[in-house]
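Q:
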Amino acid sequence: MLAAGALPMVAPAMAFAADFDGSRLSPLWGVPFAGLLLSIALMPLLVPSLWHHHYGKVAAAWALAFLLPFAGIYGLSLASAQLVHALLAEYIPFIVLLGSLFAVAGGIHIRGNLRGSPKLNTAILAIGAVLASLMGTTGASMLLIRPMIRANDNRKHKVHVVVFFIFIVSNVGGSLTPLGDPPLFLGFLKGVDFFWTAKNIFPDTLFVVGALLAIFYAVDFFYYRNEGVMPFDPTPDTGAIGFDGAVNFWLLGGILFFVLLSGIWKSPVSFDIHGTTVGLPGIVRDVALIVITLVSLKITAPNVHAANQFGWEPMAEVAKLFAGIFLTIVPVIAMLKAGTEGPFGAIVSAVTRPDGQPDPAMYFWATGILSSFLDNAPTYLVFFNTAGGDPQALMTTYATTLAAISAGAVFMGANTYIGNAPNLMVKAIAESRGVRMPSFFGFMLWSGVILIPLFIIATFIFFR
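Taking our numbering, the leading residue of the sequence shown gets 9, the next gets one more, and so forth.
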C-alpha cells in the first residue's frame, strides 16, 4: 500500500489525452494489481479469519490505491473513463455470466447413489469434462462433486478421486468454449469467436483429459483392487440416478443461446457511455442472463437448494474480488500493450523469439505458471494483450499463440488450489463430507507429479 501511495512522486507529471499511453507509465502502477493478487493467494493461508470477514475491504483498498492517485495525476475524466470501461466492457458481463451459471447449476440436484467403482468414477469424470465446457467449470463442479463423493463414501482411499476431479472437471474440461472457464469468456468479450477454442484446442484438451482419465483409472483400480470397500455404505445403493430441479437444464440451454447470439448477432445499434461503446447484442445477452437467473431462483424448490447447500457467499466473494482485479489491471494492460518499449518490455521479450515473433511455448508456460498462483482470468488478459490484443490477428496469424495462452490459463489453473475458483469450492465440500484433502503444498505435489509431465509433453506436441 505504501508503494502505491508513492506513485504520485515517481510517475511523470503529465496529462493524458483520450488515448492511454502505457509506455509512459511507471512500473509502480502495477503494485495495486500485484498486491491484490498476492492478497488473494496468501491471506487465506496466513490470516484466514481476517480474510474471510474483510476480503471485500481488501479488494476495495487496492482498487482505491490505483484509482485515487491515477485521478490525481491524470485527471478525473480519464480515471472515470477507465472505471466505466472496466465495469461495462468486462466486469459486468463477466459477473452476470458467472452468476447465471452458478444459480442455474445450483438449482439442479442429482439424487441417489451408485457404487464408486473405477469404471463408474472414470465415467463421471469424463461426463464432467464434457459438461465443464457447456455449463462452466464452476457449474459442472457444483453439480457433480456431491454425487461423486456419495458414490465413494464407502471407499477407504478417496482423496485421489477428488484431486482428479479438480484436475479434470474444475479445470481442463472447461477449455473448449467461453462458457467453460472465465479466461475464455474474457477472450470472447475481446472478440474471439465462440467456437474458436473448440476448433483450435480440442486436440490439446483431448490429449490431456484422455491421459488424466487413463492415469486416474489405473490409480483408482490399484486402490480398489487392494483395499476393496468398507462393509458399511453410508449411502445405500439406489441403482439409478435422478434429477431434482431438472427444468434448470432448459435454462442452461437459454444461457448458451444468448451467449451465442451475442457473438453472432451484429447490430449497428450501440451506445457510447463515457468513451466505452456498449453494443445492443451485449445488452440483450446480459439482461436475458439476469432474467434467467431470477427465473431459476423463482422456480427451483427450496428443498433442492437445501440439498445442494446452495448459498451466495462464494459468488459474493468472486464479485467483490474481481471488481478490484478488473480495475487494478487497467494500467498493467496498458503497459503490456506498449510492447518492448514499455515498462514491462522484459516480459514481452521473454515470450518473443529473436525474429520478433511470439513464442507459443513460452506463452503457454508463462500464462500457466502465473495462472497457477494468481487468478487465471486476469492472467489470460495480461498475456492476451502482451501478444498484441488484436483478436483477428490472434485467431489467424498467431493462432498457435492464442491457443497456448488459452490452454495455459485453463489447464494450469489445476496446479494449485488457488488457480481457479472451483478448486477451493470442491476442496471445502469434500472436507465437509469427511474427505481429508491434501494441504496447499500437498496438492501441489499431486499436480507436480501428474500434471507437469503432461504439460511438458503437450508443449512439444502442440506449441513448438
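The beta-carbon is built from N, C-alpha and C at its ideal position, and this holds for glycine as well. This one's a predicted model, so the numbers in the text were calculated from it and none came from an experiment.
Can you tell me whether DSSP reads residue 119 as helix, strand or coil?
A: Correct three-state label for residue 119: strand.
Q: Taking the Cβ atom as the reference point for each residue, do residue 339 and residue 58 lie within a distance shorter than 8 Å?
A: No, Cβ-Cβ distance for residue 339 and residue 58 is not below 8 Å.
Q: Are the beta-carbon atoms belonging to residue 422 and residue 459 less than 8 Å from one another?
A: Yes; because the gap between Cβ atoms is below 8 Å, this pair is in contact.
Q: Counting beta carbon pairs with one atom in the region 74 to 90 and one in the region 111 to 120, are three or more of them shorter than 8 Å?
A: No, because fewer than three Cβ pairs between the region 111 to 120 and the region 74 to 90 fall closer than 8 Å, the two stretches do not touch.
Q: What residue range is occupied by the uninterrupted beta strand (DSSP E) comprising residue 284?
A: Run containing residue 284: 284 to 287, per the beta strand (DSSP E) assignment.
Q: Looking at residue 285: is its Cβ nearer than 8 Å to the Cβ of residue 278?
A: Yes, Cβ-Cβ distance for residue 285 and residue 278 is below 8 Å.
Q: Hey, residue 471 and residue 404: beta-carbon distance below 8 Å or not?
A: The answer is no: Cβ separation not under 8 Å.
Q: In chain order, which continuous runs of the beta strand (DSSP E) of length 3 or greater are located wholly inside the region 46 to 110?
A: The region 46 to 110 contains no whole beta strand (DSSP E) run of 3 or more residues.
Q: How would you write the range of the alpha helix (DSSP H) that residue 456 sits in, first residue to last?
A: Segment 448 to 470, the alpha helix (DSSP H) holding residue 456.
Q: Would you report the Cα separation of residue 310 and residue 465, rounded to the nearest angstrom?
A: Residue 310 and residue 465: Cα-Cα distance of roughly 47 Å.
Q: Tell me, please, whether the region 365 to 381 touches the region 159 to 175 by the rule of three or more beta-carbon pairs shorter than 8 Å.
A: Too few Cβ pairs lie closer than 8 Å, so no.
Q: Let me make sure I understand the geometry here. Which of 304, 200, 337, 55 has the alpha-carbon closest to that of residue 74?
A: Of the listed residues, the one whose Cα sits closest to residue 74 is 337.
Q: Based on DSSP bridge pairs, tell me the residues matched to residue 250.
A: According to DSSP, which records beta bridges pairwise, residue 250 is partnered with 119.
Q: Curious, which full-length alpha helix (DSSP H) runs of at least 4 residues does the region 302 to 362 contain?
A: Counting only runs of 4 or more, we get 310 to 315, 321 to 345, 353 to 358.
Q: Within this structure, are the beta carbons of residue 198 and residue 446 separated by less than 8 Å?
A: Not closer than 8 Å, so no.
Q: Which parts of the region 160 to 201 are runs of the alpha helix (DSSP H), unbroken and 4 residues or longer, counting only runs that do not cross its ends?
A: 167 to 176, 190 to 198, all fully within the region 160 to 201.
Q: Buried or exposed, going by whether 16 or more other CB atoms sit within 10 Å of the CB of residue 204?
A: Flag for residue 204 reads buried.
Q: Using 8 Å as the Cβ pair cut-off and three pairs as the minimum, do the region 259 to 271 and the region 178 to 187 touch?
A: A contact exists between the region 259 to 271 and the region 178 to 187.
Q: Which residues in the same chain have their Cβ closer than 6 Å to the Cβ of residue 350, if we skip the five residues on either side of it in sequence?
A: Here the set comprises 30, 31, 343.
Q: Pick out whichever of 273, 227, 413, 124 has its Cα sitting closest to the Cα of residue 367.
A: Of the listed residues, the one whose Cα sits closest to residue 367 is 413.
Q: On a CA-only basis, which of 411, 109, 47, 95 is nearest residue 257? Give me that one, please.
A: Nearest C-alpha to residue 257: 109.
Q: Do residue 356 and residue 347 have their C-beta atoms within less than 8 Å of each other?
A: In this structure, residue 347 lies closer than 8 Å to residue 356 by Cβ.
Q: Quick check: what's the CA-CA separation for residue 87 versus residue 133?
A: If I take the Cα positions, the gap works out to 46 Å.
Q: Of the residues 214, 430, 454, which one's Cα is nearest the Cα of residue 144?
A: The shortest Cα separation from residue 144 among 214, 430, 454 belongs to 430.
Q: Output needed for residue 456: all residues of its chain with C-beta closer than 6 Å, excluding positions within five of it in sequence on either side, in chain order.
A: Result list for residue 456: empty, nothing under 6 Å.
Q: Do you know offhand how far residue 288's Cα is from residue 308's?
A: Their Cα atoms are separated by approximately 30 Å.
Q: Measuring only the C-alpha atoms, how far is residue 443 from residue 175?
A: Whole-angstrom Cα-Cα distance: 17 Å.
Q: Residue 370 to residue 231, Cα distance in whole Å?
A: Cα to Cα, residue 370 sits roughly 37 Å from residue 231.
Q: Of all the alpha helix (DSSP H) runs that stay within the bounds of the region 358 to 399, which reach a length of 4 or more residues?
A: Here the runs fully enclosed are 368 to 381, 384 to 394.
Q: Mind checking residue 306: buried by the 16 CB within 10 Å criterion, or exposed?
A: Exposed: under 16 other Cβ atoms inside 10 Å.
Q: From residue 113 to residue 150, what does the alpha carbon distance come to, in whole angstroms?
A: Their backbone Cα atoms lie some 7 Å apart in a straight line.
Q: Note down, in chain order, each residue of its chain lying with its Cβ closer than 6 Å to the Cβ of residue 451, except the 5 sequence neighbours on either side.
A: The answer, listed in chain order, is 425.
Q: Since residue 178 contacts residue 428 with CB under 8 Å, what's their CB separation in whole angstroms?
A: With a Cβ gap of about 6 Å, residue 178 and residue 428 count as contacting.
Q: Provide the residue(s) that pair with residue 280 in DSSP beta bridges, ordered along the chain.
A: DSSP lists 285 as partners of residue 280.
Q: Does chain C have any CB closer than 8 Å to the CB of residue 468?
A: No chain C appears in this structure, which consists of one protein chain only.
Q: Locate the alpha helix (DSSP H) running through residue 435, then write down its first and last residues.
A: Start and end: 429 to 440.
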